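Student:
Numbering (my numbering), first residue to last: 1 to 166.
(1) Is it right to say residue 32 is buried, meaning 16 or more other beta carbons lie within 10 angstroms of its own, or is it exposed?
(2) Could you check where the alpha helix (DSSP H) with residue 24 kicks off and where it finishes?
(3) Tell me which same chain residues have a C-beta within less than 8 Å of the C-beta of residue 126, skipping the five on either side of it?
(4) Distance, Cα to Cα, residue 136 vs residue 115?
(5) Of the residues 111, 16 and 65, which one's Cα is nearest the Cα of residue 84?
(6) Output the boundary residues of the alpha helix (DSSP H) element that contains residue 33.
(7) Mind checking whether residue 111 and residue 163 have CB atoms under 7 Å apart?
(8) Considering residue 127, what are the terminal residues of the alpha helix (DSSP H) in which it resides?
(9) Report the three-state DSSP secondary structure of residue 135 (helix, strand or coil).
(10) Quick test of your reading: residue 170 and residue 156, contact by CB under 8 Å. State the CB separation rounded to the nearest angstrom.
(11) Would you mind stating whether residue 89 and residue 11 have Cβ atoms separated by less than 7 Å?
(12) Taking residue 19 as the reference, which of 92, 36 and 81 has the closest Cα?
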């Protein structure tokens, strides 16, 4: 892949990403947008979740239409377009030049060392972190401990997600 990218060059990759983005946005606009604008779709998909009024009301319809139009405008904005291409091209080149041995080392470090250590020392970490949160929890240890537990769970999920992304 790296040889292929070097042969084509960065500009070629950017043009390819730009064209794919344009095709994606056009396809979205031509196939999805008409469905999104139909009142029946809005009622079926939004009514149960957002408890829209039983009678279709102008404010609900205006709000939904505004959000749908903003979504399309967002996708068509030059800044989103530029960021998409930049991220796609950088990611493609980074992946092509990635060091699989380094990625394997990071994965093993997270799975075999960090996550294991977090599990083994979980209670100590929670107590220490809860103690550090006592001022913010207004002296309530239960609230501080719950926040510490949620924070630790989030860190574990971030680590797992990172290893899966490698």
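We put the beta carbon where it would ideally sit given N, CA and C, even for glycine. Computed from a prediction, not measured in an experiment: that's the story for all the values here.
Tutor: On the basis of the data shown:
(1) Taking the chain shown and counting its residues from 1, one reaches residue 32 at position 32. Exposed.
(2) Position 24 of the chain shown, counted from the start, is the residue given in the question as residue 24. Segment 10–27, the alpha helix (DSSP H) holding residue 24.
(3) For the purposes of this step, residue 126 is taken as the residue at position 126 of the chain shown. Beyond the five residues adjoining it in sequence on each side, residue 126 comes within less than 8 Å, by CB distance, of 145, 148, 149 and 152 in the same chain, given in chain order.
(4) Looking up residue 136 in the chain shown gives position 136. Looking up residue 115 in the chain shown gives position 115. Roughly 27 Å separates the two Cα atoms.
(5) Here residue 84 is taken as the residue at index 84 of the chain shown, counted from 1. Of 111, 16 and 65, the residue nearest in Cα terms is 16.
(6) One-based indexing of the chain shown puts residue 33 at position 33. Residue range 33–37 is occupied by the alpha helix (DSSP H) that includes residue 33.
(7) For the purposes of this step, residue 111 is taken as the residue at position 111 of the chain shown. For the purposes of this step, residue 163 is taken as the residue at position 163 of the chain shown. Yes. Within cutoff.
(8) In the chain shown, the residue the question calls residue 127 occupies position 127. Element bounds for residue 127: 122–132.
(9) The count along the chain shown starts at 1 and reaches residue 135 at position 135. In this structure, residue 135 counts as coil in the three-state DSSP scheme.
(10) This structure gives no information on residue 170, because the portion of the chain shown stretches from 1 to 166.
(11) The residue labelled residue 89 in the question sits at position 89 within the chain shown. The residue labelled residue 11 in the question sits at position 11 within the chain shown. In this structure, residue 11 does not lie closer than 7 Å to residue 89 by Cβ.
(12) As a position in the chain shown, residue 19 is number 19, starting the count at 1. Put simply, of 92, 36 and 81 the residue whose alpha carbon is nearest the alpha carbon of residue 19 is 81.
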